[in-house]
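Number of protein chains: 2
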Amino acid sequence: MASIRDYLFDTAFLDQSIDYLAEAHNLAVTVVDSEGMAVASRQPEGHDTPASRAYPFRFPSNIGGIVCAAPDPARLDQAEPHILYCLAALNSQLLRETELQETTEEMLQLASQMNFLVKVAKKIIGIDDLKKCYQIILEEIATATKADQGFIQTKGRWGEEIRVTHRMTEEEVAANRQSANLQRSASGSTIICTREDGASLLYSPIKEKKGLSGQMLFIRTGDHRAFSASEKQLVGIIENIISPTFETLRLYDSLQDLYLNTVKALAAAIDAKDEYTHGHSFRVAKYALAIGGELGIDSQQLNDLEIAGYMHDLGKIGISELILSKPGKLTSEEYCLIQKHPVFTDKILQPIKLPAHILDGATQHHERMDGTGYPLGLAGADISLFGRIIAVADVFDALTSKRPYRDALPVEEALRTLCEGIDTLFDREMILAFISALRSDRSKEVLGAINIVLRHDDLQNLNQFLIELTAFAMNANRN
Amino acid sequence: MASIRDYLFDTAFLDQSIDYLAEAHNLAVTVVDSEGMAVASRQPEGHDTPASRAYPFRFPSNIGGIVCAAPDPARLDQAEPHILYCLAALNSQLLRETELQETTEEMLQLASQMNFLVKVAKKIIGIDDLKKCYQIILEEIATATKADQGFIQTKGRWGEEIRVTHRMTEEEVAANRQSANLQRSASGSTIICTREDGASLLYSPIKEKKGLSGQMLFIRTGDHRAFSASEKQLVGIIENIISPTFETLRLYDSLQDLYLNTVKALAAAIDAKDEYTHGHSFRVAKYALAIGGELGIDSQQLNDLEIAGYMHDLGKIGISELILSKPGKLTSEEYCLIQKHPVFTDKILQPIKLPAHILDGATQHHERMDGTGYPLGLAGADISLFGRIIAVADVFDALTSKRPYRDALPVEEALRTLCEGIDTLFDREMILAFISALRSDRSKEVLGAINIVLRHDDLQNLNQFLIELTAFAMNANRN
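So the sequence lines, in the order shown, correspond to chains F and L. The C-terminal position of the first sequence is numbered 544 in the working numbering, with every residue numbered one higher than the one before it. The C-terminal position of the second sequence is numbered 544 in the working numbering, with every residue numbered one higher than the one before it.
If you want it as C-alpha cells, here you go:
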C-alpha cells in the first residue's frame with residue numbers, strides 16, 4: 066500500500082490541489098493510494114456526482130492517483146484540462162522527489178562513510194600494535210557492513226603472515242583462502258560474489274606502494290541480503306585511507322623487532338666472552354618477562370622490560386675479561402671493579418634517549434630492598450619496578466648456572482635462597498610472581514625458550530614444592 | 066538579472082503552466098525576470114488584453130513572476146483562482162529546488178572531501194619521513210583551501226619541534242605564532258579570524274591520544290575572500306583522519322633515532338676498550354656518511370650506511386683485549402684471530418633480520434677490489450657498495466689515528482696512501498667521492514662532528530692539494 070503522501074515533500078500543495086479542483090471546478094475529488102483507498106477527499110455540497118474518472122500518478126511504482134467525479138460526463142470533459150494541469154503539477158513534483166531522494170541517499174551514505182572513517186581513525190590513534198589495529202578495523206567494517214564473519218590477512222615486513230579474524234574458525238579461514246575469488250581479488254579489484262551455500266562474499270585487496278600486501282574477506286551468511294555496491298565502496302575507501310597508517314605501523318613493528326634483536330645479539334656477544342655467562346642476558350630477559358607477564362604488565366611495557374633485560378650487563382664491555390672470567394678468588398680491587406658494571410651500563414646508555422624505565426631497569430638490578438645494593442644503595446620503592454624484577458631474574462639465573470667454583474644449583478635451592486632474601490634483598494611481590502610463573506601455563510612459552518636445562522631436586526613434586534614455597538614466601542620475614 | 070528558468074529543474078512544467086493559463090483561461094501570459102523582461106509568453110489570438118496583473122514568485126530573492134493580461138479586469142478576477150493555483154504549483158517547486166540545491170552542494174562538498182582524503186592518503190603511502198609527510202599534507206590543504214601561506218608545527222617524540230612551511234618566511238611564522246588566536250586554538254578548536262591587514266586566518270589544533278601535539282595555520286592574504294565554514298570542516302576532518310598516521314610516524318621516527326643511537330653507543334663502548342681505537346666507529350660512520358652524501362645516496366640509505374659504520378667492528382667483542390691492544394708485534398696466530406673480526410661481526414648480526422645492505426656493509430670493510438681482502442676474498446663489484454665505502458672510511462681513520470708504534474699521519478699522507486691503492490685495494494669512485502667531500506661545504510656538518518683533530522702537512526694549501534690529488538686519482542693505475 067503506497068500513497069503519494071509518502072513521496073511528496075510538500076503535502077500542503079497536494080491539499081491545495083484538491084481544494085482548487087473542488088472549488089474552482091466544482092468536482093468531487095479523491096486522492097487514492099495504490100489499493101484504491103481514499104487518503105484525502107473533497108466533496109462539493111449540494112449535488113450528487115455519479116460520473117467519475119481516475120487519473121493515476123506518473124511514478125516508477127503504483128502510488129494511486131486522483132479520482133474526479135461530477136454530476137455528468139460532460140462536466141468532467143469540461144474540467145479535464147484543469148484536472149490534467151493539476152496532475153501535471155503533481156507529477157512534476159513527484160519526478161523531482163525521486164531525484165531528490167536518490168541524491169539524499171547518496172549524501173547520507175557519503176556522510177556516514179566520512180563519519181565512519183573519522184570514528185575508525187580516532188580508535189586507532191596511539192595504538193602501535195599492528196595486529197590490534199587490524200582487529201579494530203576488521204570489527205568496525207564487519208559492524209558497518211553487517212557482515213557475520215570476516216578476516217584480514219596481510220604480511221609483516223619480514224614476510225610473516227599477520228591475520229585477524231571476526232567470528233571465523235581456522236578451518237573456515239583456510240577454506241575461504243583456497244577460493245578462486247580470493248585469487249581474482251588479488252589482481253587488485255574488490256569483488257562481491259555468492260558462495261555455493263548462498264552466502265554473500267566481499268573480497269578486497271590491501272594495497273601499498275609496492276603492490277598487494279594482503280586481503281580482506283567479509284561474509285554474510287545465507288539468510289541475509291547480499292552485500293551492496295555501497296558497502297563495496299565503503300570497504301574500498303577505508304582500505305585507501307587506512308593504508309598509509311598500516312604501512313607505517315608495519316615499518317614501526319619491524320623496526321621494534323630489529324631493535325630488540327640487535328640489543329639481544331649484542332648482549333649475547335658480550336655474555337659469550339665468558340663461558341660461564343653464556344646466554345645469561347637472554348635468560349634474565351626471559352625470566353623477567355615471565356615475572357612481568359604474571360604481574361599483568363601490558364605488551365608494550367613487556368617489550369621494554371625485555372630490552373632492559375638484554376641491556377642489564379652491557380657495562381661488562383668495560384671490564385677486562387681477565388677479571389670477568391678469573392677462575393680463583395677476586396681481589397677486593399677486582400671485586401670493586403666488577404661492582405662497577407651497572408655504572409658502566411649507565412655510562413654507555415646515558416647518551417641514548419632511552420625511556421627512563423628501560424634505563425632504570427638495566428642499571429638497578431644490583432640494588433637491594435634494604436638499601437645494601439649497588440651502585441646507588443637505593444631502597445624499597447626507590448628501586449624501579451623493572452629494577453626489582455630484573456634483580457630476581459638475575460640472581461635466579463646466577464644461582465641455576467654453573468660457576469668455576471660450583472655446579473649449577475637445583476631450581477628448588479635457588480628459589481629457597483631467593484625467599485630467604487624476601488623484603489631484605491628482594492621484592493616479595495616479584496618473588497611470588499616468579500613462583501607463580503613457574504607454576505602457570507601462561508609462562509610455558511617464555512620459559513620454554515630458556516637455553517639451559519634447569520636442574521631440579523625433585524621435578525615430579527615441583528608443583529607441590531612451589532605451592533608450599535608460595536605459602537612460605539607470603540609470610541616469610543613478616544613481623 | 067535572475068529568472069525562474071535558472072532555478073527550476075523541470076522547465077517543461079513552466080511552459081505547460083503558461084499554455085494552461087493561456088488556453089484554458091484565455092489569458093495573455095508573460096513570465097518575467099527580476100528586471101521585468103519577458104523570458105516566455107503566450108498571447109491568445111483574436112483579442113487585445115489591456116488589463117493586466119503581476120504575480121511575483123515566492124523565492125528568497127527577486128526572480129520575477131507571471132504577468133497575466135485579459136480584455137478587462139472582470140475576466141482577470143474570474144481567472145484569479147486558476148492563476149493563483151498555477152503560481153502555488155510553481156512556488157512549491159521553487160521551494161523544493163532551493164532545498165535540493167543546498168543538499169546537492171553539501172553532497173558535492175562531502176564527495177570532494179572524500180576524494181581529497183583518498184588522494185592525500187595515496188600520496189603519503191610508503192613515506193616514512195615525518196617531515197616529508199607533513200610537507201605533502203600542508204601543500205595539499207593549502208591547494209584545496211586556496212590558502213596563500215601556511216605552516217604546520219608539531220613536536221617529535223623527544224619534544225623537538227618539527228615545522229614545515231608553505232610560502233612563509235621564518236619571520237612571518239614567528240609573527241603569527243605570537244598571535245593570541247594560536248593560543249586560543251591550542252584549547253582544541255579550529256578558528257577562522259581576520260588579521261589587522263584583512264588577511265583571513267584558519268588555525269587548527271593537531272591532536273593525538275595524549276592531547277595537543279601541534280597546530281596548523283593557513284592564511285589567505287587580503288584580496289581574497291575569507292575562509293569558509295566548509296574549508297574549516299575540511300581541515301578538521303583531515304586532521305582527524307591523518308592523526309593516526311602522524312602519531313605512528315612520530316613513533317617510527319623516534320625509534321629509528323633510538324636504534325641509531327643505541328648501536329652508536331655500543332660501538333663506542335667497544336672502541337673504548339682500546340685507547341687507540343677510541344671513537345673509531347663513530348669517525349668511520351661519519352666519513353662513510355660524507356662519501357655517501359657525495360654519491361647522492363638518499364636519506365634513508367644514509368641512515369642505514371651510518372648504522373653499518375657503527376656496526377663494522379662489533380666483532381671485536383669476540384677478540385681478547387690482550388691481542389687488540391698488544392703494544393708489540395702480533396704473532397701470526399694473533400694476527401689471524403684479529404682478521405676474524407668481520408666474521409665475528411657477521412656471527413653476531415646474523416640472527417638479526419638486518420637488511421642485507423647493512424649487514425654486508427658491516428662485514429665487508431676488509432674486502433679489497435683485487436680480491437686480496439678478507440674474510441671472503443670478494444673482488445670488484447662483488448663487494449657491496451656500503452662495503453667499498455666503509456673500507457675507505459676505515460683505512461683513512463686508521464691512518465690518521467695514533468698507534469702504539471707510530472704517530473697519526475697527516476691527512477695528505479693518508480689520502481696519498483689511499484690513492485696508491487686505487488683499483489687494486491679501493492674503489493676509485495669512493496676515493497674520489499671522499500676527496501670531493503673533504504673539499505665541499507656540504508660535508509662540513511658531517512666532518513665537523515669528528516672527535517679528533519686531523520693533522521695536516523699544509524692546511525693552507527689543502528684545497529690545492531685536493532684538486533691535484535683528484536686529477537691524480539682519476540688517472541692513477543689506469544692502463
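Glycine residues also receive a C-beta, built at the ideal position from the N, C-alpha and C atoms. Computed from a prediction, not measured in an experiment: that's the story for all the values here.
Asked	Found
Would you mind telling me which residues of chain F sit closer than 8 angstroms to L:Glu-171, beta carbon to beta carbon, in chain order?	Met-172
What are the start and end residues of the beta strand (DSSP E) that includes L:Tyr-72?	L:Tyr-72 -> no beta strand (DSSP E), and no H or E assigned at all.
Within 8 angstroms of any Cβ in chain F, is that where the Cβ of L:Asn-326 sits?	yes
Please report the Cβ distance between L:Phe-530 and L:Glu-477, rounded to the nearest whole angstrom; I am assuming they are in contact, meaning their Cβ atoms lie under 8 angstroms.	6 angstroms
How far does the beta strand (DSSP E) with F:Gly-101 in it reach, from first residue to last?	Run containing F:Gly-101: none; DSSP gives neither H nor E here.
Checking the sheet assignment: what are the DSSP bridge partners for F:Glu-273?	F:Gly-276
Give me the Cα-Cα distance between L:Ile-83 and F:Ala-67, rounded to the nearest whole angstrom.	32 angstroms
Kindly give me the distance between the Cβ atoms of L:Ile-284 and L:Gly-215, rounded to whole angstroms, as I take these residues to be in contact under 8 angstroms.	6 angstroms
Pull up the CB-CB distance for F:Leu-323 and L:Lys-412, whole angstroms please, since I reckon it's below 8 angstroms.	So it is not a contact: roughly 18 angstroms between Cβ atoms.
Considering only DSSP beta bridges, list what F:Cys-258 is partnered with.	F:Leu-266
Tell me where the alpha helix (DSSP H) around L:Ala-134 begins and ends.	Not the alpha helix (DSSP H): L:Ala-134 falls in the beta strand (DSSP E), residues 130-135.
Give the DSSP-derived three-state secondary structure of L:Arg-493 in the structure shown.	helix
Measure from the C-beta of L:Arg-161 to each C-beta in chain F and report whether the shortest distance is under 8 angstroms.	yes
Residues of chain L with CB closer than 7 angstroms to the CB of F:Val-183, please, in chain order.	Ile-302, Asn-305 and Ile-306
Give the DSSP bridge partners of F:Arg-118, in chain order.	F:Cys-133
What does a CB cutoff of less than 6 angstroms around F:Ile-448 pick up in its chain, not counting 5 residues either side in sequence?	Gln-429 and Glu-432
What does DSSP give as the partner residues of L:Glu-226 in its beta bridges?	L:Lys-220
Residues of chain F with CB under 8 angstroms from L:Ala-176, in chain order?	Leu-175
Counting only Cβ-Cβ distances shorter than 7 angstroms, please list the residues of the region 490-505 of chain L near chain F, keeping chain order.	none
Tell me, please, whether the region 289-298 of chain L touches the region 258-268 of chain L by the rule of three or more beta-carbon pairs shorter than 8 angstroms.	yes
Between which two residues does the alpha helix (DSSP H) holding F:Val-476 run?	476-485
Would you be able to state if there are at least three C-beta pairs under 8 angstroms between the region 379-390 of chain L and the region 355-362 of chain L?	no
Could you tell me which uninterrupted alpha helix (DSSP H) segments, each at least 4 residues in length, are contained entirely in the region 324-389 of chain L, listed from first to last along the chain?	345-360, 364-376 and 386-389
Kindly indicate if chain L contains any beta-carbon less than 8 angstroms away from that of F:Thr-210.	no
Provide the residue(s) that pair with L:Thr-396 in DSSP beta bridges, ordered along the chain.	None; L:Thr-396 has no bridge partner.
Cβ closer than 8 angstroms: which chain F residues qualify as neighbours of L:Met-179?	Leu-175, Gln-178, Met-179 and Ile-302
Taking L:Val-457 as part of the beta strand (DSSP E), name the residues at either end of that continuous run.	Careful: L:Val-457 lies outside any beta strand (DSSP E), inside the alpha helix (DSSP H) at 450-464.
Nearest to F:Gly-452 by alpha carbon, out of F:Cys-151, F:Ala-134, F:Pro-407 and F:Pro-469?	F:Pro-407
In chain order, what residues of the same chain have a beta carbon less than 8 angstroms from the beta carbon of F:Leu-554, not counting five sequence neighbours either side?	The question about residue 554 of chain F has no answer, for chain F in this structure spans 66 to 544.
What are the boundary residues of the alpha helix (DSSP H) that includes L:Ala-212?	Per DSSP, L:Ala-212 belongs to no alpha helix (DSSP H) and is neither H nor E.
Tell me whether F:Met-434 sits in a helix, a strand or coil according to DSSP, three-state version.	coil
In angstroms, rounded to a whole number, what distance separates the CA positions of F:Ala-139 and F:Leu-73?	32 angstroms
Chain F partners of L:Asp-425, CB-CB under 7 angstroms?	Neighbours of L:Asp-425 on chain F: none; closest Cβ ~16 angstroms, over 7 angstroms.
Using a C-beta to C-beta distance shorter than 7 angstroms, which residues of chain L count as neighbours of F:Ser-157?	Asp-75, Phe-78 and Gln-158
Measuring only between beta-carbons, confirm whether F:Glu-386 sits less than 8 angstroms from chain L.	yes
Helix, strand or coil for L:Val-300 per DSSP?	helix
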